[in-house]
Amino acid sequence: MTTPIRLIIADDHALFRQGLKSLLLLEPDVRVLCEVESAGELAPALKNTPCDVLLLDLQMDKWLLDDIALLSQSVNVVVLTASEKLEDALAALRAGARAIVQKRFAIETLMGALRTVAAGRVWMPAELQTEIAEQWAAPKSRALTARETEIVRLVAMGMRNGEVARHLSLSESTVKTHLNNIFQKLELRGRVALTHYALRAGLIGTRVHGC
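Everything in the sequence shown is counted per this note's numbering, starting at 148 for the first residue and increasing by one.
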């Protein structure tokens, strides 16, 4: 039996939140553990209710984007947004979100994103993939070492710094140092951009899924 995806829904619109919960409860591989309606409730909810994915409305609080980096250290953040601006989606992904899903999308698309993230991968809409590919189509890079190339491959596969460190028998601080050097060499920002670099370089197969 597949282990269900444990979810917390964070959205300040009660009607949307309750409707989304009703749809998610129809999915056999999802468990909605609790709901929160304000940014101030996030930390206590995550502390008291361990979950696999935080489904987060980006418009719930104007400062919420700044909190994603911290939240993503303890939970996979899937951002829900009504915004159609690609720069908003890119900002959320750079901050550490594992997926960005627009509220106009169908529940099937959201479920695809949730399952992809629960499996340790990054999900984004097809148009966002195109935008990122255009921005970083030909990064000006200096040659990576064999160790740096392996770290790029593992990060692009969805591993976090601690997992990379254990896999390569390195300290986590050493992995962070390598990543800083890699980002400088490739002139990239963020793990999503690094994943696209790895795809273009043939270091991994197709791991970034879209709708």
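The beta-carbon is built from N, C-alpha and C at its ideal position, and this holds for glycine as well. It should be emphasised that the depicted structure is a prediction, and the values quoted were computed from it without experimental measurement.
Query                                                                                                                                                                    : Result
Determine which residues share a DSSP beta bridge with residue 181 and list them.                                                                                        : 155
Does the distance from the C-beta atom of residue 338 to that of residue 315 stay below 9 Å?                                                                             : no
Report the residue from 232, 161, 259 and 182 whose alpha carbon sits nearest the alpha carbon of residue 245.                                                           : 259
Which whole-angstrom value describes the C-beta separation of residue 202 and residue 227, a residue pair presumed to lie in contact below a C-beta threshold of 8 Å?    : 6 Å
May I ask you to report which of helix, strand or coil DSSP gives residue 254?                                                                                           : helix
So, helix, strand or coil for residue 246, using DSSP?                                                                                                                   : strand
Check whether the stretch 180 to 194 touches the stretch 223 to 240, counting contact only when three or more Cβ pairs, one atom from each stretch, lie closer than 8 Å. : no
Where does residue 225 fall in DSSP's three states?                                                                                                                      : strand
In chain order, what residues of the same chain lie with their CB nearer than 7 Å to the CB of residue 285, ignoring the 5 residues before and after it?                 : Low local confidence applies: a pLDDT of 48 at residue 285 is under 50, so the model's placement there is unreliable, and no value is given.
In terms of residues, what are the limits of the beta strand (DSSP E) holding residue 204?                                                                               : 200 to 204
Using only the alpha-carbon positions, how far apart do residue 194 and residue 219 sit?                                                                                 : 13 Å
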